[in-house]
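Reviewing the structure listed below.
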Amino acid sequence: KKVARATHNIFAYRFWDEERGVQVSDNDDDGENAAGGRLAALLELMHANNCLVVVSRWFGGVLLGPDRFKYINNAARGILEEQGYGGGKQRQGQ
């Protein structure tokens, strides 16, 4: 319920389609202009494959300005690194 009430649920995903032999990726910023594209770029930069990242943001009354992108990407980067993505290594999905 809490995530459904978030101001923005930003996501990006990326996986390899074996059948077609292509990389598939997409993103959505849920009104947080350009945040989904920045998450997608982070997945590509970290060579993260076969994953989906969702960052939920609630408006708390303080306008963050451009810093919001830093916070969104840092949240995503932290969980990706915790799960073994990054460092130039491509983690294979299950």
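Be aware that the sequence shown starts at 1298, since it is given in the working numbering, and climbs by one per residue. Every residue, glycine too, gets a C-beta built ideally from N, C-alpha and C. Model, not experiment: these values are computed from the prediction.
Bridge partners of residue i, per DSSP?
i	result
Val-1319	Asp-1314
Arg-1365	Arg-1365 pairs with nothing; no bridge assigned.
Val-1405	Any property of residue 1405 remains undetermined from this structure, which presents the chain solely from 1298 to 1391.
What did DSSP end up calling residue i once you bin it into helix, strand or coil?
i	result
Ala-1345	coil
Ala-1373	helix
Gln-1391	Note that Gln-1391 has pLDDT 39, beneath the 50 cutoff, so the model's placement of it is unreliable and the number below is only indicative. Coil, per DSSP.
Ala-1309	strand
Asp-1327	coil
Gly-1333	helix
What separation, rounded to the nearest whole angstrom, lies between the Cα atoms of residue i and residue j?
i	j	result
Phe-1458	Ala-1332	Residue coverage of the chain in this structure runs from 1298 to 1391, which leaves residue 1458 outside it and unanswerable.
Ala-1327	Glu-1316	Checking the sequence shown, residue 1327 turns out to be Asp, not Ala. Their backbone Cα atoms lie some 30 Å apart in a straight line.
Leu-1349	Ser-1322	9 Å
Gln-1380	Arg-1311	15 Å
Met-1343	Asn-1330	22 Å
Glu-1341	Gly-1358	32 Å
Hey, residue i and residue j are a contact pair by Cβ (cut 8 Å); roughly how many whole angstroms apart?
i	j	result
Val-1352	Leu-1336	7 Å
Leu-1361	Tyr-1368	7 Å
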